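Throughout, the numbering used here is defined as the position within the sequence shown, counted from one, plus 59. For every residue, glycine included, the Cβ atom is placed at its ideal position computed from N, Cα and C. If you're wondering where the values come from, they're calculated on a predicted model, not measured in any experiment.
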Amino acid sequence: MPRMARKKSSSGIYHIMLRGINKQDIFHEAEDRIKLIEILNYYRDICEYEIYGYCLMSNHIHLLIKEGKETISQAIKRIGVNYAYWYNSKYARCGHLFQDRFKSETVEDDRYLLTVLRYIHQNPIKAGIVTEALKYRWSSYSEYINQKGMLTNINFILSILNPDTSKAVKIFEEFMTAENEDNCLDVGDKMRKQLSDEDTSKLIKQLTKSDNILILHHIDKNERNKTIKNLKEMGCSVRQLERITGLGRRIIEKA
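Right, dumping it as structure tokens:
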């Protein structure tokens, strides 16, 4: 079945989400996130996009971005390919790092623009990483509060709120920290029920047609990888499969 065409934004502004393949982490230490920020900054001059907000989580990235002279797909491909090449070299791995197709939604008005930005900035809070957005180093929130747009075009958002920058920052802070039930583009993990170890063991036996839970150690490699892929698509986590099957994490992630 052919893929549906990506919806085009009349404003040119998109909320983008890139996630690690099989939900794996794409950042392990500060250097990794710093590198991604450098890449975003580098291609900003080439692609002429504008970034209004970002947040780098452990296994996914949120961007609030305005399309430049290149399409959003071309720009995101440049960013993803460059970072994946650097990441694979650093961690001695090969293959895809991101899911094949990034998620996107259009942002067509100022109200939703601010809502998406709040959603992005509150990601670390809702994930239980920090209690305040300002305490999270890897988002654009501090650039707005400190009035220093290093990667982010903060003036565009602030000008919407108030012509006076100091007043705009105060309004921004109040809006960003307000309690809400924002429901924007997300990784979708909450929609999938976590399987129990017992259910996972039953699935392994069903797929392999064997009562031996360690059968994956002994079957053909291609068949093993196909089975692991099916299990992950059914909701089994990498850590869970590693624990139950005894297979190495690298084998499970690459399958």
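{"Query": "As assigned by DSSP and simplified to three states, the class of residue 250", "Result": "Any reading at residue 250 is ruled out, since the residue's pLDDT is 38, under 50, leaving its predicted position unreliable."}
{"Query": "Cβ-Cβ distance between residue 68 and residue 174 below 7 Å", "Result": "no"}
{"Query": "Beta-carbon spacing of residue 167, residue 70 below 7 Å", "Result": "yes"}
{"Query": "Strand pairing of residue 73, partner residues [DSSP]", "Result": "124 and 165"}
{"Query": "With 16 other Cβ atoms within 10 Å as the buried cut-off, status of residue 213", "Result": "buried"}
{"Query": "Outcome for residue 309 when other beta-carbon atoms lying within 10 angstroms are tallied against a minimum of 16", "Result": "exposed"}
{"Query": "Alpha-carbon spacing of residue 313 relative to residue 208, whole angstroms", "Result": "38 Å"}
{"Query": "Rounded straight-line distance, which links the Cα of residue 273 to that of residue 305", "Result": "7 Å"}
{"Query": "7 Å Cβ cutoff met for residue 102 and residue 137", "Result": "yes"}
{"Query": "In chain order, each beta strand (DSSP E) run of at least 3 residues that lies wholly inside the stretch 157 to 242", "Result": "162 to 165"}
{"Query": "Residues of its chain near residue 284, where Cβ-Cβ distance is below 6 Å and the 5 sequence neighbours each way are ignored", "Result": "314"}
{"Query": "For residue 243, the nearest candidate out of 111, 288, 298 and 179 (CA to CA)", "Result": "179"}
{"Query": "Sub-7 Å separation of residue 195 and residue 183 beta-carbons", "Result": "yes"}
{"Query": "Contact check, residue 278 vs residue 311, beta carbons under 7 Å", "Result": "no"}
{"Query": "Extent of the continuous beta strand (DSSP E) to which residue 111 belongs", "Result": "109 to 115"}
{"Query": "Straight-line Cα distance separating residue 132 from residue 181", "Result": "26 Å"}
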